[in-house]
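Visitor: Sending over a structure as structure tokens; questions will come in a sec.
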Amino acid sequence: MIEICLAGTGGMKPLPNRFLTGLWAEHNGKALLIDCGEGMQIALAKAGVSLARLDTLLITHFHADHIAGLPGLLLSAGNYGKSSPLHIYAPRGGIEIIRRLCCICPELPFDVTIHEISSEGTIFRNGLEISFMPLRHRIDCFGYSITEPRPPVFSPEKADSLGVPMKMRSILHKGGSIELNGKLITPDMVTAGKRLPLKVTYITDTVYFDGLSRFAEDSDLLICEGMYGSDEYISKMTEKGHMVFSQSAEIAADSRSKELWLTHFSPALTDPEAELETAKVIFPNTIAGKDGMKKTVNTNL
Ligand SMILES: [Zn+2]
Ligand SMILES: [Zn+2]
């Protein structure tokens, strides 16, 4: 199970009624955050999540709307009682940039380790597999996908044929083994078929390109940028390294994602929900992101 909270939905600058885009994801009592624009700690406090749980910070790129809130976030996390180490993953140059940004918060009550990423790769954190891929923006920028493996399908028929009592089935279901009349029964003896992992994909900032659908393939939830709703902005946004709603919807449809949340709206786009039509034609399960929006991505789905 992954608990998701879209902390903010803005691009470029925070507004009185819209924080900057960032994703909070909790799993096994620990949290990861993707991006940290100005005011992120306020957005997270307003959403009611606990900063003390922050364990991993993933930075997409070094434009201010994705990183300028870092010193404030770290200071607030310390104030909220965080004492365990924090791991930050960021594009090349991250060690130097983050060190300089954080010279105003030199005495944090927890250790910070910065890892620079390049090209494609995978990070393993607290039972989650986090893949990253270069996007196409004006500077180095990465998309992230978070996956949690799901246990294979439990087969009651196989359990019946082995004579496994009901009260012992949950042990096998959770991955444990049991002994029955002197015989060892392992979980693979009572399962039928693998299941796709739970997957949440986060893509911003980028122009549209084919590889995005492959990266987002089979996402339970795709969170993707869309600066404007109307297709009339496509060429202007491509020039600026961004997308419009219909392009994000293409990615959701092509990747066979289950649900699309749009985010990273232009400050000039005051009512994203009123402009969903172009996206919904392509991918009906498109939702305009709202600050603080939450979802539990569950293993039982
Ligand atoms: Zn941005
Ligand atoms: Zn950017």
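At position 291 of the sequence shown (counting the first as 1) the number is 278 in my numbering, and the numbers step up by one without a gap.
The beta carbon of each residue, even a glycine, is placed where N, CA and C say it ideally should be.
#1: Hey, E25 and P58: beta-carbon distance below 8 Å or not?
#2: Do H14 and N113 have their CB atoms nearer than 8 Å?
#3: Does the beta-carbon of D127, which I'm using as the reference point, lie nearer than 7 Å to any heavy atom of ligand 2?
#4: Among the candidates T47, R123, G56, whose CA atom is the shortest distance from the CA of G198?
#5: With H, G and I counted as helix, E and B as strand and the rest as coil, what does DSSP make of G(-3)?
#6: How about T8 and H160: do their beta carbons lie closer than 8 Å?
#7: Could you check how far apart the C-beta atoms of S206 and S235 are, in whole angstroms? I think they sit under 8 Å.
#8: Applying the 10 Å Cβ sphere with the 16-neighbour rule, what's the burial state of R5?
#9: Along the chain, which unbroken stretches of the beta strand (DSSP E) at least 3 residues long are found entirely within the region 123 to 171?
#10: Out of D42, Y195, I190, which one is the CA nearest neighbour of Y131?
#11: Note down, in chain order, each residue of its chain lying with its Cβ closer than 6 Å to the Cβ of L288, except the 5 sequence neighbours on either side.
#12: Check the C-beta distance from I101 over to A77 and give it rounded, since I have them as a contact under 8 Å.
Guide: Reading it off the structure:
#1: In the sequence shown, residue 25 corresponds to position 38, counting from 1. In the sequence shown, residue 58 corresponds to position 71, counting from 1. The answer is no: Cβ separation not under 8 Å.
#2: Residue mapping note: residue 14 aligns to position 27 of the sequence shown, counting from 1. Residue mapping note: residue 113 aligns to position 126 of the sequence shown, counting from 1. The answer is yes: Cβ separation under 8 Å.
#3: Translated into positions along the sequence shown, residue 127 becomes position 140. For ligand 2, not one heavy atom lies less than 7 Å from the Cβ of D127.
#4: Indexing the sequence shown from 1 puts residue 198 at position 211. Out of T47, R123, G56, R123 has the C-alpha closest to the C-alpha of G198.
#5: Residue numbering aside, residue -3 sits at position 10 when the sequence shown is read from its first letter. Of the three classes helix, strand and coil, the one that applies to G(-3) here is strand, per DSSP.
#6: Stepping through the sequence shown from its first residue, residue 8 is reached at position 21. Stepping through the sequence shown from its first residue, residue 160 is reached at position 173. Contact: no.
#7: Your numbering for residue 206 matches position 219 in the sequence shown. Your numbering for residue 235 matches position 248 in the sequence shown. Not confirmed; about 12 Å, so no contact.
#8: If you number the sequence shown from 1, residue 5 lands on position 18. Flag for R5 reads buried.
#9: 129 to 135, 165 to 167
#10: Position 144 of the sequence shown holds residue 131. When each option's Cα is compared against that of Y131, the closest is I190.
#11: For this step, residue 288 is matched to residue 301 along the sequence shown. In this predicted model, L288 has a pLDDT of only 49, less than 50, meaning its place in the structure is not dependable; the value taken from the coordinates is given anyway. Counting only Cβ-Cβ distances below 6 Å, and skipping sequence neighbours, we find nothing.
#12: Locating residue 101 in the sequence shown gives position 114, where the first residue counts as 1. Locating residue 77 in the sequence shown gives position 90, where the first residue counts as 1. Rounded, the Cβ-Cβ distance is 7 Å, consistent with contact.
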